[in-house]
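Let me begin by presenting the structure, written as structure tokens, before commenting on it.
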Amino acid sequence: MTGLTCISRPVKILIAAIAIVAAIVLIYIYSTFDPSADGSLFPRCTFKTLTGLDCPGCGSQRAIHALLHGHVVEALRLNALFVIELPLLLLLALTSLFTDRFHRLRRILVSRTFILILLATIIGFTIVRNLV
Numbered sequence: 330m331t332g333l334t335c336i337s338r339p340v341k342i343l344i345a346a347i348a349i350v351a352a353i354v355l356i357y358i359y360s361t362f363d364p365s366a367d368g369s370l371f372p373r374c375t376f377k378t379l380t381g382l383d384c385p386g387c388g389s390q391r392a393i394h395a396l397l398h399g400h401v402v403e404a405l406r407l408n409a410l411f412v413i414e415l416p417l418l419l420l421l422a423l424t425s426l427f428t429d430r431f432h433r434l435r436r437i438l439v440s441r442t443f444i445l446i447l448l449a450t451i452i453g454f455t456i457v458r459n460l461v
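According to this note's numbering, the sequence shown is numbered sequentially starting from 330.
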């Protein structure tokens, strides 16, 4: 057994509860504070600071802030890949917690082929966003 399949149901429920509380706290922080403001409590991208180039995650904090305020187009402008892949990340988290119900979908999401396609997409996105 690998991953969360060997974890008991009460522990999975506890993990889910902690994740929900953490998500609520993060939603509050990202909706209240603007990551683009000067003196922001959010960290700056080390890769961009060192190279001047955008990493695949650059703009994702500001995109979350924009999404929470209903500005989808702005979020897509800030980091389209993150916005498009956000549902995928949530799906991956859910299939990790409920492997017994979503084992086929989980198998696809963690397959070598899917991960390589995702990696190629991230690399391609990073190259294109720095050339444009």
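Heads up, the beta-carbon is just placed ideally off N, CA and C, and yes, glycines get one too.
Check: Residues near Leu426 in its chain [Cβ-Cβ closer than 7 Å; skip 5 each side]; Outcome: Leu333, Lys341, Ile344, Ala345
Check: Selected residue, minimal CA-CA separation from Ile456, among Leu410, Ala352, Ala348, Val350; Outcome: Leu410
Check: Contiguous alpha helix (DSSP H) assignments of at least 4 residues, all confined to the segment 339 to 403; Outcome: 375 to 380, 389 to 397
Check: Any 3 or more C-beta pairs closer than 8 Å across the segment 367 to 386 and the segment 437 to 449; Outcome: no
Check: Inter-residue Cα distance where the pair is Leu407 and Pro364; Outcome: 12 Å
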